[in-house]
């Protein structure tokens, strides 16, 4: 394990001897990358955090499934999904 730096190299993301969590997550969209992050760190973040991290991963995976269904027209509430979950570019 690398030296713990709570900002740049926290132990709960660097416990694996060959790869850092960020090196995996950077290749995925936000929902998938963060779900991977929560699974990767589960059990390493601290006492009583493992279930919470896994629940966060499940939430993000469900959100990604909703997003995919909405983009494929498989969701009956496509307009409402995008209106409530994404910032419109013209408002930036």
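In the numbering used here, the protein residues as written are 1068 to 1159.
Note that CB positions come from ideal geometry on N, CA and C, so glycine has one too.
The model shown is predicted, which means the values in this text are computed figures rather than measured ones.
| Around the Cβ of residue 1081, are there at least 16 other Cβ atoms within 10 angstroms (buried) or fewer (exposed)? | buried
| Can you find at least 3 beta carbon pairs, one from the segment 1112 to 1125 and one from the segment 1082 to 1093, that sit closer than 8 Å? | no
| Helix, strand or coil: how does DSSP classify residue 1101 here? | helix
| Between residue 1101 and residue 1137, is the Cβ-Cβ spacing less than 9 Å? | no
| said: Distance check for residue 1095 and residue 1083, CA to CA, integer angstroms please. | reply: 19 Å
| request: Helix, strand or coil for residue 1076, going by three-state DSSP, please let me know. | output: It is a strand residue.
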